[in-house]
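Using our numbering, read the sequence shown as starting at 143 and increasing by one per residue. Reviewing the structure listed below.
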Amino acid sequence: IIPGTAFKIGFANIIILIVAFAYGPVEGIVVGVLRIIIVGLLSPSGFGPTFMLSLSGGVFSIITIVLFRLINKFSIVAVSIISSVMHVVGQLLAASSLFSDVVIYYAPIMLVLSIPAGVLTGIIASRFLKISEGWFTEDKEI
């Protein structure tokens, strides 16, 4: 977390990116939605406003990952950057409807910070997929 803001890097999105690129878009959706629900269940605030912000950002992010994965012309790093930006857009829209339009003043800094966060998570996901090439086949028994 960056002090003074509600900014997080988004390391949980690495898993969604990996699943969407290794197994497919539907699996990415399932993992993304389950992650949001599990965090809501385990959070002390439950399904309150914080959950709604997480849900809105997560849904925007997951939809972006799936759409760009289906297009299949973008690198995982590019998809991660766009997904990170859309996560912020989703959260800002939810925050402005839940709280006040004043949160829109956070948009420039949050959107700028989302780009290096997307680069970082995309690079980590990309490197993992390169290292783990061949691990993700359906005919292997675990």
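Note that the Cβ used here is the ideal one computed from N, Cα and C, for glycine as well.
Exposed or buried, which one is P167 when buried takes at least 16 other CB atoms within 10 Å?
What you label residue 167 is simply residue 25 of the sequence shown in a count that begins at 1. So P167 counts as buried.
Report the three-state DSSP secondary structure of G170 (helix, strand or coil).
For the purposes of this step, residue 170 is taken as the residue at position 28 of the sequence shown. Residue state, collapsed to three classes: helix.
Which residue comes first and which comes last in the alpha helix (DSSP H) that contains P191?
One-based indexing of the sequence shown puts residue 191 at position 49. Taken as a continuous stretch (DSSP letters only), the alpha helix (DSSP H) holding P191 covers P191 to I213.
Length at least 3, wholly inside the stretch 209-281: the beta strand (DSSP E) runs in chain order:
none
Could you name the residues of the same chain whose beta carbon sits closer than 8 Å to that of G232, not counting the 5 residues immediately before and after it, in chain order?
In the sequence shown, residue 232 corresponds to position 90, counting from 1. Cβ neighbours of G232 beyond the five flanking positions: S198, G199, G200, V201, F202 and S203.
If you drop the 5 nearest sequence neighbours on each side, which residues of the same chain put their C-beta closer than 8 Å to that of G264?
Position 122 of the sequence shown, counting from 1, holds the residue named residue 264. Excluding residues within five positions, the ones whose Cβ falls inside 8 Å are L159, S217, I218, V219, A220, V221, S222 and I223.
For A237 versus L176, is the C-beta distance shorter than 8 Å?
The count along the sequence shown starts at 1 and reaches residue 237 at position 95. The count along the sequence shown starts at 1 and reaches residue 176 at position 34. Taking 8 Å as the Cβ cut-off, A237 and L176 do not qualify as a contacting pair.
On the three-pair Cβ rule with 8 Å, is the stretch 150-164 touching the stretch 205-212?
yes
Within the same chain, show all residues whose beta-carbon is closer than 8 Å to that of V261, passing over the 5 residues directly before and after it, in chain order.
In the sequence shown, residue 261 corresponds to position 119, counting from 1. Excluding sequence neighbours, V261 sits near V219, S222 and I223.
8 Å contact criterion, which S225 and I257 should meet: CB distance rounded
The sequence position of residue 225 within the sequence shown is 83, counting from 1. The sequence position of residue 257 within the sequence shown is 115, counting from 1. Between I257 and S225 the Cβ distance is about 11 Å, and since that is not below 8 Å, they are no contact.
Measure the alpha-carbon distance for V173 versus A249 and round it to whole angstroms.
Sequence index remark: in the sequence shown, residue 173 carries index 31 (1-based). Sequence index remark: in the sequence shown, residue 249 carries index 107 (1-based). Approximately 27 Å, taken between the alpha carbons.
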